[in-house]
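Number 44 in the UniProt record's numbering belongs to position 44 of the sequence shown; there are no gaps in the numbering. Just so it is clear, CB atoms sit at the ideal spot from N, CA and C, and this is done for glycine as well. Just so you know, these numbers come straight off a predicted model, no measurement behind them. Comments concern the structure below.
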Amino acid sequence: MRLFLILFALLAACKSNENQGKESDAPIVFKSEKAPYELALEGPWELVDASALNSHADIAANYQNVLFFIVIPQTLPDIPGTPPPDALALKRASLSVLEEQIQDFKIDKQAPLKIAESTGHSVFASGLSEGSKVRYVATYLTRDTWGFQIVGWGPETHHTLLLAETDKILASWKFTDSKPQIQPDIQEPTAD
Numbered sequence: 001m002r003l004f005l006i007l008f009a010l011l012a013a014c015k016s017n018e019n020q021g022k023e024s025d026a027p028i029v030f031k032s033e034k035a036p037y038e039l040a041l042e043g044p045w046e047l048v049d050a051s052a053l054n055s056h057a058d059i060a061a062n063y064q065n066v067l068f069f070i071v072i073p074q075t076l077p078d079i080p081g082t083p084p085p086d087a088l089a090l091k092r093a094s095l096s097v098l099e100e101q102i103q104d105f106k107i108d109k110q111a112p113l114k115i116a117e118s119t120g121h122s123v124f125a126s127g128l129s130e131g132s133k134v135r136y137v138a139t140y141l142t143r144d145t146w147g148f149q150i151v152g153w154g155p156e157t158h159h160t161l162l163l164a165e166t167d168k169i170l171a172s173w174k175f176t177d178s179k180p181q182i183q184p185d186i187q188e189p190t191a192d
C-alpha cells in the first residue's frame, strides 16, 4: 500500500509538471492600459520592467536575455487644421535620437509595412553597443492621435532570430480602439 501511495504521488507530480509546461507555452497577451493596442509574445519571451530598458516604454520583454523588445506609445500633437504627424515623421524623429546614442549606427534597409489596418514603416539597422555589434528592427506606426515605436534588438549573431521573432510580434498586433480615424497611407516625400 505504501508503494502504491508513493507511485501515486510521483504520478500526480509528473502530471502537475506537464500541465505547468503547457501553461507556460501559452502566449503572453499584453493589452496596454496606456494606449489602444495589444500584442502577443510566444515562447521564451518574458515581460520585464519596462523602465529598465526605456523610461518611455509601455511594455518590455526579453527572449532568454538575448533579444529585447519594447513598445513606446505616444500621443501625437493635436493642432487644429493640421493633420497629426505620420509614421515617417515619427521615424525621422526617432532615428535622429538613435544616431546620436548608438555608435556606428547604420540603416541597412527601410520599408513600409501594413500592420492591422495601418501602414507603418520598418527600419532595419545596426550599430555598436558596449563594443558588440547589435541589430535593430524598429517599426513606426501612427493611428488617430497615437504614435507607436515598436523596437526589437539583439546581437548580430542572433539576427535571423530577431527578424523571425519581430515578425511574430508584429503579426499579433491589434488595435483596441473601437472607431479610430484611419490616417491615409504614408507617402514618401518627393524631390522638387
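How about residue i and residue j: do their beta carbons lie closer than 7 Å?
i      : j      : result
SER118 : ARG143 : yes
PRO83  : ALA35  : no
ALA57  : PHE69  : no
HIS121 : TYR140 : yes
THR176 : THR75  : no
Applying the 10 Å Cβ sphere with the 16-neighbour rule, what's the burial state of residue i?
i      : result
GLN149 : buried
GLY152 : buried
LEU47  : exposed
ASP167 : exposed
Looking only at C-alpha atoms, which of the options sits nearest to residue i?
i      : options                       : result
VAL123 : ALA26, PHE30, LEU88 and GLY43 : LEU88
PRO44  : THR160, GLU38 and GLN64       : GLN64
ASP108 : HIS159, ASP78 and ASP86       : HIS159
With a threshold of 6 Å on Cβ separation, who are the neighbours of residue i within its own chain once the five nearest residues in sequence on each side are excluded?
i      : result
GLY81  : none
SER94  : GLN149
SER32  : ASP58
GLU110 : A quick correction: the sequence has Gln, not Glu, at residue 110. Same-chain partners within the cutoff: VAL123.
LYS91  : HIS121 and TYR140
So, at 8 Å on beta carbons, what are the nonlocal neighbours of residue i in its own chain, with the 5 sequence-adjacent residues on each side left out?
i      : result
VAL134 : ILE102, SER126, GLY127, LEU128, TRP153, GLY154, PRO155 and GLU156
Segments of 4+ residues assigned as alpha helix (DSSP H) that fall wholly inside the stretch 47-128: 50-53 and 87-101
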